[in-house]
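Be aware that the sequence shown starts at 820, since it is given in the numbering used here, and climbs by one per residue.
Accompanying notes for the structure given below.
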Amino acid sequence: MSSVQPAEANTPRKYQLFIDGQWVDAESGKTFTTPNPATGENLAEVSEGDKADIDKAVSAARRAFEGKWSKISARDRGRILYKLSKLIEEHSSELAALETADNGKPIRESAYVDLPQVAENFEYFAGWATKIEGETIPVPGQMFNYTLREPVGVCGQIIPWNFPLLMAAWKLAPALAAGNTVVLKPAEQTPVTAMELGKLFQEAGFPEGVVNIVPGYGETAGAALAAHPGIDK
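Next comes the structure, spelled out in structure tokens:
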């Protein structure tokens, strides 16, 4: 990554919700805008998810957890995560520019600190996918003592605004490596790079519903996700 410039906001980007492997409008039809804090210009128009959309995303994540994702071997989970890490590296200049335009941090921080760590985080946990295992513990008497590590199910993840893409990676990578599925709500102030990450999840070959991304406000989408009975962790 030689020379990276912040993204221009001359033509605002548009993002829908990413649910069940598809890009869809919010059930309400509402959208919100996110500005470039350095210029005040509109960077993106984003579909505004709420409880109805969270319900759809959780249902999609549950189907994926009980369906395709649970049937994929740990080795193949690791391969898909590794492919994602390479795609992030390929798109790192664009992602860094968007991170700075959406968040306002210096471009050198996005380009040379955050984005390398994002890719490295997915690469690291790709390796862990085949190394999560239980133990057999020797005990006296007629007993058999062992531990078994299993995925917990559907994970709800809410990301703050200060390290949007890096904190998404910190939450997504270990959850996916362990075999869980995810509903992610990025901060309403900084949703852009999370939505771009959704495109890379598609390109990497993640099955539909494994990762769902629902931008929206904390008091609506965030509260619905935090209180949802279908979320296991």
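Ideal Cβ positions, reconstructed from N, Cα and C, are used throughout, including at glycine.
Give me, in chain order, the residues of the same chain whose beta-carbon lies closer than 7 Å to that of residue i; leave out the 5 immediate sequence neighbours on both sides.
i       : result
Thr1012 : Leu914, Leu917, Glu918, Asp921, Pro983, Leu984
Trp947  : Ala996
Ile956  : Asn964, Tyr965
Lys902  : Ala1023, Gly1024
Would you kindly work out how many angstroms separate the C-alpha atoms of residue i and residue j, rounded to a whole number?
i       : j       : result
Gln841  : Val1002 : 14 Å
Asp1051 : Ser892  : 21 Å
Lys990  : Gly886  : 22 Å
Tyr943  : Met986  : 15 Å
Gln1008 : Trp980  : 6 Å
Gln961  : Glu969  : 26 Å
Ala1046 : Pro959  : 44 Å
Gly1049 : Gly1035 : 19 Å
Arg927  : Glu954  : 44 Å
Judging by CA-CA distance, which residue of the options is the nearest neighbour of residue i?
i       : options                            : result
Ala857  : Tyr1036, Gly923, Ala1023           : Gly923
Leu967  : Thr1000, Glu952, Leu1044           : Glu952
Pro831  : Phe851, Phe837, Leu862, Asp839     : Leu862
Arg898  : Leu1044, Gly1017, Gly1024, Gly1035 : Gly1024
Ile838  : Glu1038, Pro1026, Ala994           : Pro1026
Ala1006 : Ala992, Gly998, Lys1018, Val1033   : Val1033
Ala1042 : His910, Pro970, Lys1018, Ile873    : Ile873
Val843  : Leu900, Met1014, Ala1046           : Met1014
Ile977  : Ala930, Glu1038, Ala938            : Glu1038
Ala880  : Val973, Asp933, Glu909             : Val973
Note down, in chain order, each residue of its chain lying with its Cβ closer than 8 Å to the Cβ of residue i, except the 5 sequence neighbours on either side.
i       : result
Glu1022 : Leu906
Met820  : In this prediction, Met820 scores a pLDDT of 45, lower than 50, which makes its location untrustworthy; the coordinate-derived value is nonetheless stated afterwards. Counting only Cβ-Cβ distances below 8 Å, and skipping sequence neighbours, we find Ser911, Ser912, Ala915, Ala930, Tyr931, Leu934.
Pro1010 : Tyr834, Thr853, Ala863, Val865, Asp921, Pro983, Pro1034
Identify, in the order they occur along the chain, each residue of the same chain with its Cβ nearer than 6 Å to the Cβ of residue i, setting aside the five sequence neighbours on each side.
i       : result
Arg894  : Thr949
Val1029 : Ala883, Trp888, Thr1000
Phe1020 : Val1030
Lys908  : Contrary to the premise, residue 908 reads as Glu rather than Lys in this sequence. Ala938, listed in sequence order.
Lys1004 : Ile977, Val1033, Ala1040, Gly1041, Leu1044
Under a three-way DSSP split, which group does residue i fall into?
i      : result
Ala936 : Here residue 936 turns out to be Gln, not Ala, going by the sequence shown. It is helical.
Phe982 : coil
Val865 : strand
Ile951 : coil
Counting pairs of Cβ atoms below 8 Å between the region 864-876 and the region 831-848, do you hit three or more?
Two segments are said to touch when three or more pairs of C-beta atoms, one from each, lie closer than 8 Å; by this definition the region 864-876 touches the region 831-848.
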